[in-house]
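So the structure is just underneath, and the comments pick up after that.
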Amino acid sequence: TGDSAPLNEAMAVLQHHDAVTGTARQNVADDYARQLAAGWGPCEVLVSNALSQLSYYKQNFSFCRELNISICPVSQNSEHFQVTVYNPLGRKVNHTVRLPVGQGIFFVKDPDGKAVVNDVVMLPSSFGKKDQWELLFSASVPALGFSIYTVDKVSDRNSLQAISRKHRSHDK
Amino acid sequence: SQVLAIENEYIRATFDSNTGLLMKIDNVEQKLSLPVSQGFFWYNASTGDEKSTQASGAYIFRPTHLEPLPVSRWAKVRLVKTALVQEVHQNFSAWCSQVVRLYPGQRHLELEWTVGPIPVEEHWGKEVISRFDTPMRTNGEFYTDSNGREILKRRRDRRPTWRLSQTEPVAGNYYPVNTRIYITDGHMQLAVVTDRSQGGSSLKDGSLELMVHRRLLEDDARGVGEPLMESGAGSTVRGRHFLLLSSVSDAAARHRLLAEEVVLAPQVVLAQGGSSLYYAR
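Here it is as C-alpha cells:
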C-alpha cells in the first residue's frame, strides 16, 4: 500500500526558512534532502496503485527521478515499454517527452494505437564522451488526466515497416 | 552560413556565428525583433573589505566589484535540427554549458543551463549569473513576481516606501524571483520564466540577470557557521529558463500560462512491457 504522509511530513518540515533559503549547514541540508527522498518512495507506490486502478492494468511502474540528467534504466535498457504522462493542469497540454535511450529506431504509438512521429537526438554531454541519445515525441495530455504511449525499439528500418504494416492492418 | 539560427512558426533565435552566443530574438507572429545577448558571468564573492567586514555567505550576497566577469566570451556550439526540436548546444567552459531549444508550436525559447562544479582554485568564491542584455529603454524599472501571483515593480536604487541610501549597488538591487522576471519599454516585453526560485535584478537599462549557482569560501557570520559550499551532487546544478518576447498587450497571458505549465509540469511514469489486468473481471 502507498502512503503520502511521509512526503507531507517532509514538505511540512521544509517550510522552515532554512530549507526554503538554503541558510543551513550542509548536514542539515542533506537531511532535508533525505526526508524528501524518503517521502517519495511510499508516494510512488500510491501513484502506481492509482494508475493501475485508473488504467485497469497492473504494471511494474518506474519513476525515473533523474530524467533531467538523462538517466532512466527502463527507457535506456528496454526494447518495449509504456510511457504514462500525467497532466496536473486544468487544461489540455502538448508535452514533448524526452527519454534517454540506446541508439536505434523506435516506433511510438499513442493511446489510440496510432503511430506518433518521433526523433532520436544526440545529447550535448557527449562532447568527446560516449555518445548518448534521447528519444523525443510529442504527447497530448488531457486536463487533469493522463495518456499512455507505447514504445518499441526496432532493430532496423525494414522491421519498422513491418511493425507499421501490422499496426495499419490491426487498425483496419 | 554566417548566421546560426533556430526557429519554429512563432520564434527565431539567431546566434553570432563567431562567438556562438545568442544575439537576437524575433517574434515572427507579432513581427517583433529584439537584439538579445545572453551569457554567463560570475561575481567575485566578498570576504570583507575596508568598507565592511561582511562576507558573502548563505545569508548574504556581497560581490567585491560592480562588474561580474564573463565565464567565457564565446561558446563551442553544435546545432541539432530535427522535425521535433531545434537545438543549439553551447559549451562555455568545463563547468558551464547550455542547450537552447525550440519545439514546434511553442512561443518561448527554452535555455537549459548546467553549471558546476564551480572551480575555486584561486581562492575566489563565485556567484554565477545568467544575463540577458538588450537595447530596451527600461528607465531603471523591472518586474518580479511574488510566489507566482502578484507582480511587483522594482526601481533601481529605490524603495517604494522610504528614501534608500544605496550602500550595495549590486546586492541592494537584487530581489527574489519565484517564477518570473521581466523588463518592458512600453511596446514590447522580455520575460524570463524560471523553474525554481532565484535571485534576480536589472542593474542596467535593458539588462536582466538571474543567479543560478554559488560557491563560497567564507561564512557570513550570520549563524550558519560554515561557507556555502556544496561538496556532493549539489555542486552541479541544472535548470531551465524560458524566454518570452511579446507585445505588452499579449505578455501577461503568455507568461501566466507558461509559468503554470512550468510549475505544474506533466509527470512521466514508465512501465516495462507486460502487464496484467487490474480487475479480475
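Chains as they are written, first to last, in the working numbering: chain A, 1308 to 1479; chain B, 136 to 416. Virtual Cβ for every residue (Gly too), placed ideally from N, Cα, C.
Item to check | Exposure of B/D280, with buried meaning 16 or more beta-carbon neighbours within 10 Å | outcome: buried
Checklist entry - Looking at the C-beta of B/R373, does it have a partner C-beta in chain A at a distance below 7 Å? => result So, interface residue.
Next on the checklist: Starting from A/E1441, trace the beta strand (DSSP E) in both directions and tell me its first and last residue.
Outcome noted: 1440-1448
Checklist entry - Do the stretch 160-173 of chain B and the stretch 249-258 of chain B meet, that is, are 3 or more Cβ pairs less than 8 Å apart? => result no
Next on the checklist: I'd like to know if the stretch 1375-1392 of chain A and the stretch 1448-1455 of chain A are in contact, where contact means that at least 3 CB-CB pairs between them fall below 8 Å.
Outcome noted: yes
Checklist entry - Where do the N-terminal and C-terminal ends of the beta strand (DSSP E) with B/N226 fall, by residue? => result 221-228
Checklist entry - How many Å lie between A/D1478 and A/K1421 at the Cα? => result Residue placement at A/D1478 cannot be trusted, given a pLDDT of 47 that sits under 50; the coordinates are not used to answer.
Checklist entry - Using CA coordinates, which residue listed in A/G1397, A/G1411, A/P1380 is at the minimum distance from A/S1462? => result A/G1411
Checklist entry - Nearest CA to the CA of A/A1336: which residue from A/A1344, A/A1326, A/A1319? => result A/A1326
Next on the checklist: Against chain B, which members of the stretch 1380-1401 of chain A pass a CB distance test of less than 7 Å?
Outcome noted: V1381, S1382, S1385, H1387, F1388, Q1389, V1390, T1391, V1392, Y1393, N1394, P1395, L1396, V1400, N1401
Next on the checklist: At the 7 Å Cβ level, is B/P198 part of the contact set with chain A, yes or no?
Outcome noted: Output row for B/P198: interface = no.
Next on the checklist: Measuring straight from C-alpha to C-alpha, what distance separates A/A1450 and A/H1402?
Outcome noted: 12 Å
Item to check | Segment limits, alpha helix (DSSP H) that includes B/M364 | outcome: Looking at the DSSP string, B/M364 is not in any alpha helix (DSSP H), and its letter there is neither H nor E.
Item to check | Best match in B/R291, B/T149, B/G367, B/Q402 for proximity to A/N1334 [C-alpha to C-alpha] | outcome: B/G367
Checklist entry - Considering only C-alpha positions, which residue in the set B/T273, B/H200, B/V223, B/Q241 is nearest to B/N143? => result In terms of Cα proximity to B/N143, the closest of B/T273, B/H200, B/V223, B/Q241 is B/Q241.
Checklist entry - Can you name, in chain order, every residue of its own chain whose Cβ lies under 7 Å from the Cβ of B/L157, other than the five neighbours on each side? => result Only A148, F150, V171, S172, Q173, V235 meet the Cβ criterion.
Checklist entry - How about A/Q1366 and B/A210: are their beta carbons less than 7 Å apart? => result no
Item to check | A/V1320: first and last residue of the uninterrupted alpha helix (DSSP H) it sits in | outcome: From DSSP, the alpha helix (DSSP H) with A/V1320 extends over 1312-1320.
Checklist entry - Hey, does A/Q1366 have any beta-carbon neighbour from chain B nearer than 7 Å? => result It does; some Cβ of chain B falls within 7 Å.
Checklist entry - B/E285 to A/D1438, Cα distance in whole Å? => result 44 Å
Item to check | Where B/R389 falls, given that 16 or more other Cβ within 10 Å makes a residue buried | outcome: Result: buried.
Checklist entry - From B/Y309 to B/D292, what distance separates their C-alpha atoms? => result 10 Å
Checklist entry - Counting contacts by CB-CB distance shorter than 7 Å, is B/V220 in contact with chain A? => result Closer than 7 Å to some Cβ of chain A, the Cβ of B/V220 qualifies, so yes.
Checklist entry - Between B/V206 and chain A, is there a C-beta pair that is closer than 7 Å? => result no
Checklist entry - From A/V1320 to A/A1344, what does the alpha carbon distance come to, in whole angstroms? => result When rounded, the separation of the alpha-carbon atoms in A/V1320 and A/A1344 is 13 Å.
Checklist entry - Which residue from B/M323, B/I146, B/D184, B/I195 puts its Cα closest to that of B/L237? => result B/I146
Checklist entry - Mind listing which residues of the stretch 1313-1330 of chain A have their C-beta closer than 9 Å to chain B's C-betas, in chain order? => result D1325, V1327, T1328, G1329, T1330
Checklist entry - Around the C-beta of B/D417, are 16 or more other C-beta atoms found within 10 angstroms, so that it is buried, or is it exposed? => result No answer is possible for residue 417 of chain B: the residues shown for chain B start at 136 and end at 416.
Next on the checklist: In whole angstroms, give me the CA-to-CA distance for B/T273 and B/W177.
Outcome noted: Between B/T273 and B/W177, the C-alpha separation is close to 24 Å.
Next on the checklist: Quick check on the burial criterion: 16 or more other C-beta atoms within 10 angstroms. Buried or exposed for A/A1312?
Outcome noted: exposed
Next on the checklist: Distance cutoff 7 Å, beta carbons only. Does A/S1462 sit that close to anything in chain B?
Outcome noted: no
Checklist entry - In three-state DSSP terms, what is B/D151? => result strand
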